[in-house]
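Here's the structure, in structure tokens; my notes come after.
Chains as they are written, first to last, in the working numbering: chain A, 403 to 846; chain B, 420 to 711.
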């Protein structure tokens, strides 16, 4: 028996060691600008593994953008240069750090891409940033939301550009919404004094992403001296599917609302198990990556009354000039793939446009020139609402600035699913936030 | 001071989680007991059981609890084929062959499932969702009560099969002494294929109960439960079915207790901490025998 146990333990350790190995990388040769026949854009996405739902959406959205650009003859290199097509090459990060390292290395050294787009999990993306830094390949991150991606100082991040809101933005927007909208509504329901502290619980994925949201929530409350008390902060492992114990603990803390820093495959079971199994009848607030068709399907009727912080939804759009652009993208995506794009797909779609624009402005495939073009970028917003109506990157941490909104889900009996309506801020909303009839506020 | 009612709820969720682990680990232990093979792909049978349940549920609308029998039957067949084509040819060779064969099977099953069913996360709804059974101040969801009863029924059926039937006795004899069983005329190859099939059927039952409880699943879901099932059978004692049952319950309760008292990030770690402690104190596991 000891022999068998020893074999099993040795095999497990060997598997872990092999999985931890990374490939040695070598500096690739630069493609001469004079021989540019196409712009190669590498797309790093999670095509397999736990994040494959979102990853496929990102890759498919990138292809929609490439089709559109190439249908117009490609991208013009410089003011008077030739038009060249863009070519997408995908790298599957397998939803793992090791997979990400392999994908980035292959795209850079084998496929010799000119620029990279994509990246979903912050933990995965962080793991291969060293390779990006070593080869100095411009990388537009369109999914990984931890600010650490461009704020870290242990490696050179100057070639990394962040085109998605960071967890700092999520936390700040959501907590502000709670303070300005949900807190007064709960006080009104309870006939409570305006200074009643709002009881917020936090359930977060124990990764850079989840901890980033946790930090942002704490900082926003502290820095703005908001009358919000964090009554419970429960962490969970990435990919977890059984949350009943954490939800039991959360319910015992009597929250007025629960904020979830979770991926869609975690957020939907959390809300379902909370309402169905635990009887936690409260408002659940989710971060934007949950605004995904599969999330609505998995939630069923249990999503009723929930809130999602968002910037692109498969099922709604803000009033104004972007409605047509978003509708066109959704229709193109639906025509090509038979389903609807999600938010990470939207930012990756834009990421391809940004990459093409940067290469065009640089007038070559020289990576330093493309990086400088990204630094200097100022292009009109594409389908998502940007601050000032244009896409550019901040000078300090190379982050683009989004306008976010909050959606509330209402159950559609015919569809058997919930659908979102924008309820905040006032300039974008289509209806008002309401507390569901079954809502149970917390108590001290 | 922790509320007693909260502790009872944590215990309940622990027993529920333990039910899934027990079925998975018991099947794994049955296979190891008879064939002495290490099958790291055992979690993939749970995954296939989950998908078969959902496929039949979507196609027929049958009550998913009834589908458990169909799912188990299907996995007996799949298990028999895998045993015959993959494990029998390497039986008695190096343990490394078994390990790398089963790792290969993991990729084959995962990618095969992704091709057939897609690799998006899925979930289904039980017909009894929302129905609760009041026990004191706690309303127990009916689904979880049914899951515990079904698990107990499967284990009782397995016990009766192993203790009261001729085939069961032959299987136990093969498990205890393979050469001795051959000498008294037992067809050990038949026992191999049967134990592998039953072990896979138990994994299929775990998969059905997994999806009925509303947990999400995708083709890659089986790996972590399989690793835990291995830890459980090492904890309980290799080849010991009572060990797998007690080990599964210990893991389920310990994981949920750790999630409550230490935080969710300790949920998986606590399993291996317990395993290390038990191996240090009793290297053969709780119910293992030193000569095995």
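Idealized CB from N, CA, C, for every residue including glycine.
With the rule of 3 Cβ pairs closer than 8 Å, the stretch 746-755 of chain A counts as touching the stretch 452-465 of chain A.
Excluding the 5 residues flanking it on each side, residue 567 (chain B) has same chain C-beta neighbours closer than 8 Å at 434, 435, 438, in chain order. Of the residues B:579, B:601, B:621, B:704, the one whose Cα lies closest to the Cα of residue 496 (chain B) is B:621. Cβ contact annotation for residue 677 (chain A) (same chain, cutoff 6 Å, sequence separation greater than five): 704, in chain order.
DSSP places residue 634 (chain A) in the uninterrupted beta strand (DSSP E) bounded by 630-638. The three-state secondary structure of residue 792 (chain A), taken from DSSP, is strand. Using a Cβ-Cβ cut-off of 8 Å, residue 688 (chain A) does not count as an interface residue toward chain B, since no Cβ of chain B sits closer than that to its own.
The C-alpha of residue 538 (chain A) lies about 6 Å from the C-alpha of residue 561 (chain A). Scanning chain B for C-beta atoms nearer than 7 Å to the C-beta of residue 468 (chain A) yields nothing, as the closest lies near 23 Å away. Going by DSSP, residue 717 (chain A) is part of no beta strand (DSSP E) at all; its letter is neither H nor E. The beta-carbon of residue 650 (chain A) is placed less than 8 Å from the nearest beta-carbon of chain B. The three-state secondary structure of residue 688 (chain A), taken from DSSP, is strand. If you draw a straight line from the Cα of residue 445 (chain A) to the Cα of residue 529 (chain B), it comes to about 24 Å. The C-beta distance from residue 580 (chain A) to residue 600 (chain A) rounds to 7 Å, short enough to meet the 8 Å contact threshold.
Excluding sequence positions up to five before and after residue 581 (chain B), its CB lies within less than 7 Å of the CB of 587, 590, 591, all in the same chain and listed in chain order. Against chain B, a Cβ distance below 7 Å from residue 679 (chain A) picks out 560. A Cβ-Cβ separation of about 6 Å places residue 786 (chain A) in contact with residue 752 (chain A) under the 8 Å criterion. By alpha-carbon distance to residue 521 (chain A), the top candidate from A:536, A:591, A:511, A:548 is A:548.
What residue 675 (chain B) touches in chain A, judged by beta-carbon distance under 7 Å, is 647, going in chain order. If the five residues before and after residue 776 (chain A) are omitted, its C-beta is found closer than 7 Å to the C-beta atoms of 540, 563, 760, 795, all from its own chain and listed in chain order. At a Cβ-Cβ threshold of 8 Å, residue 683 (chain A) and residue 530 (chain A) do not count as neighbours.
Separation of residue 642 (chain B) and residue 770 (chain A) (C-alpha to C-alpha, rounded to the nearest whole angstrom) is 43 Å.
Against chain B, a Cβ distance below 7 Å from residue 455 (chain A) picks out 539, 540. Membership of residue 541 (chain A) in the beta strand (DSSP E) is indicated by the continuous run 541-543.
With contacts defined as CB atoms closer than 8 Å, residue 523 (chain A) and residue 506 (chain A) fail to qualify as a contacting pair.
Residues of the stretch 540-554 of chain B that bring their beta carbon within less than 7 Å of a beta carbon in chain A comprise 540, 542, 544, 548, 549, in sequence order.
Residues of chain B with a Cβ closer than 8 Å to the Cβ of residue 654 (chain A) are, in chain order, 422, 425. The beta carbon of residue 661 (chain B) sits closer than 8 Å to those of 655, 706, all from its chain and outside the five residues before and after it, given in chain order. Following the DSSP letters along the chain, one finds residue 517 (chain A) inside the beta strand (DSSP E) bounded by residues 517-520.
Under the criterion of beta carbons closer than 8 Å, residue 453 (chain A) and residue 665 (chain A) qualify as touching, at roughly 7 Å.
Among the CB atoms of chain B, one or more fall inside 8 Å of the CB of residue 667 (chain A). Taking a 10 Å sphere around the C-beta of residue 592 (chain A), we find fewer than 16 other C-beta atoms and assign the residue as exposed. At a beta-carbon threshold of 9 Å, none of the residues of chain B lie near residue 820 (chain A); the nearest stands roughly 14 Å away.
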